[in-house]
Every structure is written in C-alpha cells, then in structure tokens.
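Numbering (the working numbering), first residue to last: -19 to 313.
Don't be surprised by glycine CBs; every beta carbon is placed ideally from N, CA and C.
Values in this document were obtained by computation on a predicted structure and should not be read as measured data.
Down below is the structure, laid out as structure tokens.
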Ligand code: TRP
C-alpha cells in the first residue's frame, strides 16, 4: 500500500446476506474507493452481539458476509478486509474511549433510542456504548474518511467529538475523520413501501432483494413492486415507487434518468419492471458466481481472515500503544 494515499475505513454488519440497498448504497462504493484510497474494511461482528445471536448462526453469517463482500469486488491486494473480533485492539480502545464519552452524549443517539425500543427486553450496556466501539473502529486506523449512510452520521459526529476531546486533553493522537458521501449510490427503498429504506429485517420478503436471490426471485420481486396509477416512466415528486425503480435501474445500468425516461417512452410499467428485474439479475450473476466459489473454500477464507487480521492489527496496535502511553499506563517491556 502506498503511504501517501488517504485512508478510508468502514465496516458492515455481518447479517449473512446484503440487500441491493447495501450494495448500491455502500459496498459498490467501497469497491470504487479502492484505487484512490488505502481502504480498511471489516465485518462488525463485535457490534452484532448487542442483540442476541445464536452462536452457530452468527458464525455462519460472518462467513457468508465476508465471502459476499469479497465477491462484490473487494480486492485483498489493494485493501484490508478483516473480522473485527479477531483484532483485540477494538475492544481495548473501546473501553478507553468509554471513559472519554459522556452518558448524555450516548443518550442522544437516535439509533440507541430506536434499537432500545425495538429490543425492549434486552437494552444492554453494549447497545448503549456501541458508538464508542464504532469510534474505536475508526480512530484505531487514523482514518481520514468514513463512507457512511445517513443513519450513521450522528455516530461519526460523536467520533469526531471524542477524537477532538482526546487530542485536546493530551496532544494530537487521533486523525479527526470526515464523512465521505458517495458520488453516486442512491438510497434504495423498499419495493413494497418506497417511503422507507430497503431493509433485510422487513418481514415482507418482497420488499427487498438479497444479493443471493436467484434470477427468477429477483424478477418476481420487481414485478410485484409498488408503483402508482400514472403509468408513465418519469422521475417526479410523489412517484416514490417509480423513482426508486428508476434509481435502481440507473445503478444497475449506468443510465441517467433522462435516458431511462426516453427508453421507456410509450411503454407501460410492466415492461419497465421486467427490464429493472433483468438488469438487477444481470448485476447479481457474476457476484453470485464468485460467492459460490469462495464460500465453499473454507481454507481460503481462513487464510484471508488470518492475513487480514494481522495487517489490521499492525496498524491498530500502534494507535493503542500511543493512547496507553498518553493516558499514563505503564508499558509492558
Ligand atoms: N455501525 C455501522 C452500521 O450499523 C457499522 C459500523 C461499525 C461502522 N463500525 C463502523 C461503520 C465504523 C463505519 C465505521 O452499519
């Protein structure tokens, strides 16, 4: 890796599969950033246990998510892709940062409020302090940029505050990271309720497309997508369903909204939905082929885990040593 490149860091929740929204909104952008930046990516498996997980299922989901991220085009000759739980510095720095973060700040996090309402029977301390772990994830690597979606902006802002606070109390220790807003990468919405985000946890499976859905399933889900009664393929306010489908088609084909409007002039929604479904199925085909190769090769995956955890730890270790020295801990000889 070249020294003069700025560093990007981001992590994904290892849910086992990703949606088309995760792909067009985040992962495709991660892939695109690899040439311009030194990229460090990881599966946020420490975060995963803020909600109860079945051990075998967690293991499987982490494996699948990692393999799928590779299949989407993360190149291990250019970037690091590791498992958060395999680099103990994340937990170490998270504890320290806990002590530089106020109860009041964490109480204001909207994701905590949402998640604690959703999992009212398990509002654990980890759920509350998880933004400190996320701050550790970022600050350990002295990241310049963090590609984040809308829902993580508040956490990044908190990370910046923690970094500035620590730097101010001691001396410059952490790079203060900035959000990296993707150049493209639409916010993909639910196919059944285009006013809400496409989400894998939606009980209606027709509302989202998984990257591992087979072509028939993909085409069927688009066929059933909610539209409107105008029957004109046109990007306009109030046409949430069509706008969403046009956004997806644009991401899948690289066509602009005007080009799409032209292409479907005089045609009905049926033709359009079929075209979107086919374009998405075509996008997913090479990803799935690559995924099927990787997921069956456990030895390869294990080698990737080990090599990448080592590369990540080398960077993370430096930061933790520096932090411990500044805080006043006695270094082990
Ligand atoms: N919190 C992020 C999410 O819910 C995942 C994440 C964990 C992350 N650590 C991170 C994202 C560090 C960016 C940087 O999607």
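Cβ separation of residue i and residue j, assumed to be a contact under 8 Å, to the nearest whole Å
| i | j | result |
| --- | --- | --- |
| residue -8 | residue 45 | 7 Å |
| residue 131 | residue 91 | 7 Å |
| residue 106 | residue 29 | 7 Å |
| residue 17 | residue -13 | 6 Å |
| residue 72 | residue 26 | At roughly 12 Å, the Cβ-Cβ gap does not stay under 8 Å, so residue 72 and residue 26 are not in contact. |
| residue 174 | residue 250 | 18 Å between Cβ atoms; not a contact. |
| residue 153 | residue 302 | 6 Å |
| residue 126 | residue 74 | Not really, about 16 Å apart at Cβ, beyond 8 Å. |
| residue -16 | residue 31 | Residue -16 to residue 31, Cβ: 40 Å. No contact. |
| residue 253 | residue 285 | Going by Cβ atoms, the distance from residue 253 to residue 285 rounds to 40 Å, so no, they are not a contact pair. |
Residue range of the alpha helix (DSSP H) that includes residue i
| i | result |
| --- | --- |
| residue 23 | Unbroken run through residue 23 is the beta strand (DSSP E), 18 to 23; no alpha helix (DSSP H). |
| residue -13 | Careful: residue -13 lies outside any alpha helix (DSSP H), inside the beta strand (DSSP E) at -13 to -8. |
| residue 296 | 278 to 307 |
| residue 108 | 105 to 119 |
| residue 243 | 237 to 243 |
| residue 144 | 133 to 149 |
| residue 50 | 35 to 51 |
| residue 192 | Counting along the chain, residue 192 falls outside any alpha helix (DSSP H), and DSSP gives it neither H nor E. |
| residue 270 | 249 to 275 |
| residue 315 | The structure shown does not extend to residue 315, since the chain is modelled only from -19 through 313, so no value can be given for it. |
| residue 90 | 90 to 98 |
| residue 229 | 220 to 233 |
| residue 154 | No alpha helix (DSSP H) contains residue 154, which DSSP labels as neither H nor E. |
| residue 78 | 69 to 78 |
| residue 130 | Note, residue 130: premise wrong, no alpha helix (DSSP H); not H, not E. |
| residue 86 | 83 to 87 |
Enclosing beta strand (DSSP E) for residue i [first to last residue]
| i | result |
| --- | --- |
| residue 125 | 125 to 127 |
| residue 62 | 60 to 63 |
| residue 6 | Per DSSP, residue 6 belongs to no beta strand (DSSP E) and is neither H nor E. |
| residue 158 | 158 to 160 |
Heavy atom of the ligand TRP within 7 Å of residue i beta-carbon
| i | result |
| --- | --- |
| residue -10 | yes |
| residue 24 | yes |
| residue 99 | no |
| residue -7 | yes |
| residue 118 | yes |
| residue 268 | no |
| residue 14 | no |
| residue 66 | no |
| residue 89 | no |
| residue 128 | yes |
| residue 178 | no |
| residue 134 | no |
| residue 114 | yes |
Interface flag, residue i vs chain C, CB-CB below 8 Å
| i | result |
| --- | --- |
| residue 96 | The structure shown contains no chain C, having only a single protein chain. |
* Asked: Below 8 Å, can you find three or more Cβ-Cβ pairs linking the segment 223 to 234 to the segment 202 to 215?
  -> Using a Cβ-Cβ distance cut-off of 8 Å, the segment 223 to 234 and the segment 202 to 215 are in contact, since at least three pairs of beta carbons, one from each stretch, lie closer than that value.
* Can you find at least 3 beta carbon pairs, one from the segment 195 to 202 and one from the segment 258 to 268, that sit closer than 8 Å? -> yes
* Examine the Cβ distances between the segment 109 to 124 and the segment 291 to 300 and report whether three or more of them are shorter than 8 Å. => yes
* Asked: Given 8 Å as the limit, is there contact between the segment 130 to 150 and the segment 109 to 116, that is, 3 or more CB pairs closer than that?
  -> Touching, yes.
* Please determine if the segment 5 to 17 and the segment 31 to 46 are in contact, where contact requires at least 3 C-beta pairs separated by less than 8 Å. => Three or more beta-carbon pairs separated by less than 8 Å are not found between the segment 5 to 17 and the segment 31 to 46, which leaves the two stretches without contact.
* Touch test, the segment 54 to 61 against the segment 81 to 90, Cβ-Cβ under 8 Å, three pairs minimum -> no
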